[in-house]
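Chains as they are written, first to last, in our numbering: chain W, 1 to 211; chain F, 212 to 422.
2 protein chains.
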Amino acid sequence: MDGKLATPRPGEPKRTGTRIQKEKRAAILEAGLTVFAEAGFRGATLDRIAGEAGLSKPNLLYYYPSKEAIYDALLRDLLANWLDPLKCLDPEGEPVTELLAYVRRKLEMSRDFPRESRLFANEILSGAPEILPVLEGELRELVEKTALVIDGWVADGRLAPVDPRHLLFSIWAQTQHYADFDVQVRAVLGGPDFDGAARHLDLMFRRILEV
Amino acid sequence: MDGKLATPRPGEPKRTGTRIQKEKRAAILEAGLTVFAEAGFRGATLDRIAGEAGLSKPNLLYYYPSKEAIYDALLRDLLANWLDPLKCLDPEGEPVTELLAYVRRKLEMSRDFPRESRLFANEILSGAPEILPVLEGELRELVEKTALVIDGWVADGRLAPVDPRHLLFSIWAQTQHYADFDVQVRAVLGGPDFDGAARHLDLMFRRILEV
DNA sequence: TTGCAATTTGACCAAGTGGTCAAAACAACG
DNA sequence: CGTTGTTTTGACCACTTGGTCAAATTGCAA
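Rendered as structure tokens:
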């Protein structure tokens, strides 16, 4: 062929291609995640990503046409998983249980996917140039919807009164802190302490939320 | 002279020099804070810092010998102010009042010095290459000391039982969140909401801490 | 005013950057 | 085997980056 990778629909997520294409693209995203999470978009270099992925730079650019394409692909994948736990919150469930489960799930994500958390944090810290629309659109709507649910619970007397939006901020801040500030946590504690964090957050939010 | 800026003690903080030296150095730090906070160390460029400070690049390098020198100076200034509020926590005071005042103060710092908060966040996110020793040394000791105080309060029955270290993480995470994730907060809320945050945190920590 | 130190700058450099391209190497399949 | 399309690479390019330097300009005290 003419040297350009043949993708049926260039704009769409790249789930197509040969076995090699899938493997290499996965390796690139994996490496990109590591590098972007640590250095941010501007701080990351194609050379480092290529090295980390075990490819030469031109070879990397054969699979993704630019640095930004890799970054965008990562952010897109990320956001789907990121918003998911909040969607899982069940308006029919027991309020405190539902919220504690959400906290727990977010904390587990910080433990299991710290790079994703840091990638997100870096994007926000630098002003969210890429994902501001999503924040103002999808995320905002989701928060509003959840806020209504929580307000309902409070009105029914099944939850202690709280500002639902700031409550969500509290949950995000505290759970993501264990991924984003991992270095600091380890420095202060002398090592990671997932169980301690889980117990602490469970206790805290129980006291806050129980009527 | 020979073109090198004359500083009595090159390693020491630069409080010496002519009026112009003080002004320009302050302008550089100011600009550096803005740029480093937004882009991180690797993402920041001397050109942008110089531009923001209204200097040419060589002129900037006349006052600070390298990019890292500016960054280091900023981090050093930052850390002093950063640790200060925790030092102000009075072991003799009323436990809940003391801790709520600490929360409040940290929140005010996020409002008044958001760039400092983001600079710190960026440094930690990229693995704290510059300040890890401080975290493992001074910060850790300070936390240990404070943990003893809090444990004492709990033992005396003047505070509901909490893990003091994770409590500090909770406070840091939630207060700094309003600076570091400012973009997200605005996107979700449609604007900043310091008073709302202050009320929420006050309420939350009251519920957590009161016996 | 004059002289000297402090300050500022334009020109420059080596290294690193994102990205291109033609050609080579490889895989697959008849 | 040969052919055809896929994958990989070395060489290369324009641009940015952190940093240098000698020379020009400015501030200031005697």
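Glycine residues also receive a C-beta, built at the ideal position from the N, C-alpha and C atoms.
None of the values given here were measured: they were computed from a predicted structure.
Checklist line | Residue environment, N59/W, which counts as buried when at least 16 other CB atoms sit within 10 Å | finding: If you number the first sequence from 1, residue 59/W lands on position 59. Classification of N59/W: exposed, given that the 10 Å Cβ count is below 16.
Next item on the list: Note down, in chain order, every chain W residue with its Cβ under 9 Å from the Cβ of S381/F.
Entry: Numbered from its first residue, the second sequence carries residue 381/F at position 170. Per Cβ cutoff of 9 Å: S170, A173, Q174, H177, H200, L201 and M204.
Next item on the list: Grab me the residues of L61/W's own chain with a C-beta within less than 8 Å of its C-beta, minus the 5 sequence neighbours each way, in chain order.
Entry: Working through the first sequence from its first residue, we reach residue 61/W at position 61. L46.
Checklist line | Start-end ranges of the beta strand (DSSP E) lying completely within the segment 241-307 of chain F, minimum 3 residues | finding: none
Checklist line | Short-range partners of chain W found in the segment 292-309 of chain F, where Cβ spacing is below 8 Å | finding: none
Notebook entry, point to check: Which word fits T357/F, buried or exposed, when buried means at least 16 other C-beta atoms lie within 10 angstroms of its C-beta?
Noted result: Start at 1 with the first residue of the second sequence, and residue 357/F comes out as number 146. Looking at its Cβ environment, which holds 16 or more other Cβ atoms inside 10 Å, T357/F is buried.
Notebook entry, point to check: Within this structure, are the beta carbons of I49/W and I70/W separated by less than 8 Å?
Noted result: Taking the first residue of the first sequence as 1, we reach residue 49/W at position 49. Taking the first residue of the first sequence as 1, we reach residue 70/W at position 70. In contact: I49/W and I70/W (Cβ atoms closer than 8 Å).
Check: Taking the alpha carbon of S56/W as the point to measure from, which residue in D180/W, E144/W and K24/W has its own alpha carbon closest?
Finding: Sequence index remark: in the first sequence, residue 56/W carries index 56 (1-based). Comparing Cα-Cα distances from S56/W to each of D180/W, E144/W and K24/W, the minimum goes to K24/W.
Check: Per DSSP, what kind of secondary structure is I342/F in: helix, strand or coil?
Finding: Taking the first residue of the second sequence as 1, we reach residue 342/F at position 131. Coil.
Check: P352/F: buried (16+ other C-beta within 10 angstroms of its C-beta) or exposed?
Finding: Taking the first residue of the second sequence as position 1, residue 352/F is located at position 141. Sequence check: residue 352/F is Glu here, not Pro. Exposed is the call here.
Check: Short check: CB of L336/F to CB of N81/W, under 8 Å?
Finding: For the purposes of this step, residue 336/F is taken as the residue at position 125 of the second sequence. For the purposes of this step, residue 81/W is taken as the residue at position 81 of the first sequence. No, the pair does not count as a contact, with Cβ atoms beyond the cut-off.
Checklist line | Meets three-Cβ-pair contact criterion under 8 Å: the segment 342-349 of chain F and the segment 177-187 of chain W | finding: yes
Checklist line | Whole-angstrom distance between K106/W and W172/W, CA atom to CA atom | finding: As a first step, residue 172/W is located in the first sequence; it is residue number 172 there, counting from the start. As a first step, residue 106/W is located in the first sequence; it is residue number 106 there, counting from the start. Taking the straight line joining both Cα atoms gives about 8 Å.
Check: Among residues of its own chain, excluding the 5 on either side of I180/W, which ones have a beta-carbon nearer than 7 Å to its beta-carbon?
Finding: For this step, residue 180/W is matched to residue 180 along the first sequence. In the sequence as presented, Ile is not what sits at residue 180/W; that position holds Asp. Here the set comprises S117, R118 and A121.
Item checked: 8 Å Cβ cutoff, I419/F in contact with chain W -> The count along the second sequence starts at 1 and reaches residue 419/F at position 208. Closer than 8 Å: yes.
Note to self: Applying the 10 Å Cβ sphere with the 16-neighbour rule, what's the burial state of E38/W?
What the structure shows: Along the first sequence, one-based indexing puts residue 38/W at 38. By the neighbour-count rule (16 or more Cβ atoms within 10 Å), E38/W is buried.
Note to self: For the alpha helix (DSSP H) containing R369/F, name the first residue and the last one.
What the structure shows: Start at 1 with the first residue of the second sequence, and residue 369/F comes out as number 158. Counting along the chain, R369/F falls outside any alpha helix (DSSP H), and DSSP gives it neither H nor E.
Notebook entry, point to check: In whole angstroms, what is the alpha-carbon distance linking D156/W and L99/W?
Noted result: The residue you call residue 156/W lines up with position 156 of the first sequence. The residue you call residue 99/W lines up with position 99 of the first sequence. In a straight line, the C-alpha of D156/W is about 16 Å away from that of L99/W.
Note to self: Given this structure, state the Cα-to-Cα distance separating H166/W from W153/W, to the nearest angstrom.
What the structure shows: Taking the first sequence and counting its residues from 1, one reaches residue 166/W at position 166. Taking the first sequence and counting its residues from 1, one reaches residue 153/W at position 153. About 16 Å.
Check: For a contact meaning CB atoms closer than 7 Å, what does R118/W contact in chain F?
Finding: Locating residue 118/W in the first sequence gives position 118, where the first residue counts as 1. Within 7 Å Cβ-Cβ: L336.
Item checked: Simplified DSSP assignment, three categories, for G228/F -> Here residue 228/F refers to the residue found at position 17 when the second sequence is read from its first residue. DSSP places G228/F in coil when its eight states are reduced to three.
Notebook entry, point to check: Roughly how far, in whole angstroms, is the beta-carbon of V149/W from the beta-carbon of P91/W, given that I think they are within contact range, below 8 Å?
Noted result: Taking the first sequence and counting its residues from 1, the one referred to as residue 149/W is at position 149. Taking the first sequence and counting its residues from 1, the one referred to as residue 91/W is at position 91. Contact flag correct, Cβ pair sits at about 5 Å.
Notebook entry, point to check: Which of the residues in the segment 179-195 of chain W, read from start to end, lie with their CB under 7 Å from any CB of chain F?
Noted result: D180, F181, V183, Q184, V185, A187, V188 and L189
Notebook entry, point to check: Which bits of chain W does V354/F rub up against, with CB to CB less than 8 Å?
Noted result: Taking the second sequence and counting its residues from 1, one reaches residue 354/F at position 143. The contacting residues are V188.
Checklist line | Cβ-based neighbour list, S110/W, same chain, cut-off 7 Å, excluding 5 preceding and 5 following | finding: In the first sequence, the residue the question calls residue 110/W occupies position 110. S117, T175, Q176, Y178 and A179, listed in sequence order.
Notebook entry, point to check: Is there at least one Cβ from chain W nearer than 8 Å to N333/F's Cβ?
Noted result: Numbered from its first residue, the second sequence carries residue 333/F at position 122. At least one chain W Cβ lies under 8 Å of N333/F.
Item checked: Within-8 Å CB hit, L107/W to chain F -> Your numbering for residue 107/W matches position 107 in the first sequence. Closer than 8 Å: no.
Item checked: Closest residue to L379/F among R253/F, V246/F, L294/F and A242/F (Cα-Cα distance) -> For the purposes of this step, residue 379/F is taken as the residue at position 168 of the second sequence. Comparing Cα-Cα distances from L379/F to each of R253/F, V246/F, L294/F and A242/F, the minimum goes to L294/F.
Notebook entry, point to check: Do you know offhand how far G402/F's Cα is from G228/F's?
Noted result: Here residue 402/F refers to the residue found at position 191 of the second sequence. Here residue 228/F refers to the residue found at position 17 of the second sequence. Each residue's alpha carbon lies about 43 Å from the other.
Next item on the list: Could you list which residues in chain F have their beta carbon closer than 7 Å to that of D112/W, in chain order?
Entry: Stepping through the first sequence from its first residue, residue 112/W is reached at position 112. By Cβ distance, chain F contributes nothing, its closest Cβ being about 18 Å from D112/W, past 7 Å.
Note to self: To the nearest angstrom, how far is the alpha carbon of A408/F from that of S66/W?
What the structure shows: Reading the second sequence from its first residue, position 197 is the one you call residue 408/F. Reading the first sequence from its first residue, position 66 is the one you call residue 66/W. A408/F and S66/W: Cα-Cα distance of roughly 40 Å.
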